[in-house]
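Shown next, in structure tokens, is the structure this report addresses.
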Amino acid sequence: MSSGLEKSLFQLKFTTKQLQKQSRKASKDETTEKAKLRKLAKRRSCNEARQHETIAATTGAEIRYYNLLPESKWEVDLAHLESQTDENTAFCILKNPSSPCGSSWSEAHLRDIAAVMNRHQVVVIADEVYAGLAWNVIGPPPASATQPAVKGKFNRRRWLAPGWRLGWTIVHDPLGVMGAVRIALRKKAFVIQGPNSTMQRALPSMLANTPESFYVNTMVELERVGKALFDRLARITGLRPCLPQGAMYLICGYEGLNFEDDKAFVTALHKEERVFILSGAAFRLDGFMRFVTTTPLETLLDACDRLEAFCARHRKDDA
1 MSSGLEKSLF QLKFTTKQLQ KQSRKASKDE TTEKAKLRKL AKRRSCNEAR QHETIAATTG
61 AEIRYYNLLP ESKWEVDLAH LESQTDENTA FCILKNPSSP CGSSWSEAHL RDIAAVMNRH
121 QVVVIADEVY AGLAWNVIGP PPASATQPAV KGKFNRRRWL APGWRLGWTI VHDPLGVMGA
181 VRIALRKKAF VIQGPNSTMQ RALPSMLANT PESFYVNTMV ELERVGKALF DRLARITGLR
241 PCLPQGAMYL ICGYEGLNFE DDKAFVTALH KEERVFILSG AAFRLDGFMR FVTTTPLETL
301 LDACDRLEAF CARHRKDDA
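To convert, note that position 73 of the sequence shown is 73 in the UniProt record's numbering; the numbers rise steadily by one, no gaps.
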């Protein structure tokens with residue numbers, strides 16, 4: 001009996017030491033990751049540290065940004081996209097319809113982008129969180145017969161369920177070149193935190209039984225609010241709103257105001273008028289701000305009245 005007890009105590013003590021060792025290692029790993037993120041924050045504005053950028057920085061991957069053309073409804077600058085793509089490019093991320101721009105690219109433009117990727121044999125990752133939320137557009141074009149692509153689909157926008165996130169991935173692999181990608185996606189699916197069970201059970205019914213009128217009414221309301229907000233902002237001196245074509249946002253440029261940067265602008269606006277607008281710096285769009293068009297229109301118009309008074313107080317003398 002005594003010998004058995006001593007053996008059990010020894011095993012317990014040994015297990016405790018193992019756990020302590022693992023805990024110290026986990027703590028060290030966590031400290032290392034935090035140091036990487038702090039280093040990233042020093043290199044860039046924290047507002048610019050998008051999730052994919054943060055993850056890439058911890059793995060040593062390089063991110064190359066391609067320009068958009070505000071004067072062409074935020075289409076991709078194809079020449080710049082081509083210049084950013086070479087034999088080291090692993091994939092290209094596209095978001096259409098877009099946050100924060102509220103843009104929705106035409107089928108012809110999407111095919112032009114696909115042509116660039118085909119020339120360089122680069123996989124496209126299509127973030128389609130706002131798929132189905134574009135007006136005056138037939139819909140996303142069918143996948144190219146030869147263009148490998150990974151599409152992300154989500155429930156939280158089209159079904160207006162932002163707090164109940166659930167997403168799925170579609171791999172389009174007509175050439176059979178994405179076997180390793182499929183394996184990586186399966187591995188990741190086993191380690192990430194899964195969506196809540198309520199939404200998992202509800203999704204089949206949402207997909208099969210949601211009436212078409214729900215989607216139509218959602219788009220009609222988003223378009224109505226976006227147009228009314230655009231018209232009101234266009235009457236404010238110094239603001240340059242862009243008419244949204246999809247998603248749930250309106251992007252608006254500004255000029256001629258006495259502020260050093262976007263952060264100073266939105267901070268002063270919130271302090272003086274109790275209006276909070278997301279700075280464009282969060283999306284590498286200095287000199288812009290993003291409005292959410294799911295907000296009730298009367299609330300948005302009240303915010304515009306306050307914004308107009310704010311801009312009048314802070315306008316440069318020579319503007």
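Think of the CB as a built atom: it goes at the ideal place given N, C-alpha and C, for glycine as much as any other residue.
Bear in mind that the values here come from a model prediction, so they are computed numbers and not experimental data.
Contact check, residue i vs residue j under 8 Å by CB: the rounded distance?
i, j, result
"valine 150", "valine 171", "6 Å"
"glutamine 51", "alanine 134", "Incorrect: roughly 24 Å between the Cβ atoms, too far for contact."
"tyrosine 249", "threonine 293", "6 Å"
"glycine 102", "cysteine 242", "7 Å"
"valine 225", "leucine 166", "So it is not a contact: roughly 26 Å between Cβ atoms."
"glycine 238", "cysteine 304", "The pair is not a contact, with the Cβ atoms about 13 Å apart (cut-off 8 Å)."
"glutamate 82", "tryptophan 105", "Going by Cβ atoms, the distance from glutamate 82 to tryptophan 105 rounds to 17 Å, so no, they are not a contact pair."
"phenylalanine 288", "isoleucine 236", "Wrong, their Cβ atoms sit about 14 Å apart, outside the cutoff."
"glycine 152", "aspartate 127", "5 Å"
"lysine 316", "leucine 257", "7 Å"
Assign residue i to one of three DSSP states: helix, strand, or coil.
i, result
"cysteine 252", "strand"
"histidine 52", "helix"
"phenylalanine 276", "coil"
"phenylalanine 10", "Note that phenylalanine 10 scores a pLDDT of 48, beneath 50, so its modelled location is shaky; the value from the coordinates is reported in the next line. Here phenylalanine 10 sits in helix by DSSP."
"arginine 165", "coil"
"phenylalanine 291", "strand"
"lysine 316", "coil"
"aspartate 261", "coil"
"aspartate 173", "coil"
"proline 296", "coil"
"aspartate 286", "coil"
"glycine 152", "strand"
"valine 123", "strand"
"alanine 134", "strand"
"methionine 117", "helix"
"arginine 157", "coil"
"glutamate 308", "helix"
"valine 129", "coil"
For residue i, tell me which candidate among the options has the shortest Cα-Cα distance.
i, options, result
"glutamate 308", "Ala61, Arg240, Thr293, Gly246", "Arg240"
"valine 181", "Ala114, Ile125, Gly132", "Ile125"
"leucine 233", "Trp159, His314, Gly253", "Gly253"
"threonine 85", "Arg224, Glu62, Trp74", "Glu62"
"threonine 295", "Leu257, Ala228, Leu185, Val266", "Ala228"
"glutamine 200", "Phe230, Ile183, Trp164", "Trp164"
"asparagine 196", "Phe291, Pro162, Gly60", "Pro162"
"arginine 64", "Ala90, Thr267, Ala114, Asp127", "Ala90"
"leucine 222", "Ile236, Thr267, Leu160, Val266", "Leu160"
"valine 122", "Trp168, Asp77, Leu175", "Leu175"
"aspartate 265", "Asp302, Arg235, His314, Ala247", "One point to set straight first is that residue 265 is phenylalanine, not aspartate, in the sequence displayed. The candidate whose alpha carbon is nearest that of phenylalanine 265 is His314."
"arginine 290", "Thr59, Ala189, Phe230", "Phe230"
"proline 100", "Met178, Val129, Ala57, Ala79", "Val129"
"glutamate 272", "Asn88, Arg306, Gly194", "Arg306"
"glycine 194", "Trp168, Thr54, Arg157, Ala184", "Trp168"
"glutamate 87", "Arg119, His80, Leu78, Lys73", "Arg119"
"valine 177", "Arg158, Pro148, Ile183", "Pro148"
"alanine 157", "Ala247, Ser72, Thr198, Leu269", "Strictly speaking, residue 157 in this sequence is arginine, with alanine absent from that position. Ranking Ala247, Ser72, Thr198, Leu269 by Cα distance to arginine 157 puts Ala247 first."
"cysteine 92", "Ala114, Ala79, Ser72, Lys73", "Ala114"
Consider the C-beta atom of residue i and the heavy atoms of the ligand MN; say whether any pair is separated by less than 6 Å.
i, result
"arginine 240", "In terms of ligand content, the structure shown is empty, and the ligand MN therefore cannot be addressed."
Answer with yes or no whether the minimum CB distance from residue i to chain E is below 7 Å.
i, result
"asparagine 196", "The structure shown contains no chain E, having only a single protein chain."
Could you name each continuous beta strand (DSSP E) segment of 3 residues or more that falls completely within the stretch 58 to 106, going from the start of the chain to the end? 91 to 95
Tell me, please, whether the stretch 63 to 77 touches the stretch 218 to 232 by the rule of three or more beta-carbon pairs shorter than 8 Å. no
Which runs of the beta strand (DSSP E) spanning at least 3 residues fall entirely within the stretch 188 to 256, listed in chain order? 239 to 241, 249 to 254
Examine the Cβ distances between the stretch 256 to 270 and the stretch 278 to 292 and report whether three or more of them are shorter than 8 Å. yes
Evaluate the contact criterion for the stretch 110 to 130 versus the stretch 88 to 98: three or more CB pairs, one atom per stretch, below 8 Å. yes
Check whether the stretch 284 to 303 touches the stretch 193 to 212, counting contact only when three or more Cβ pairs, one atom from each stretch, lie closer than 8 Å. In this structure the stretch 284 to 303 does not lie against the stretch 193 to 212, because fewer than three pairs of beta carbons, one per stretch, are closer than 8 Å.
Using 8 Å as the cut-off, can you tell me whether the stretch 199 to 206 makes contact with the stretch 265 to 278, which would need three or more C-beta pairs spanning the two stretches below that distance? no
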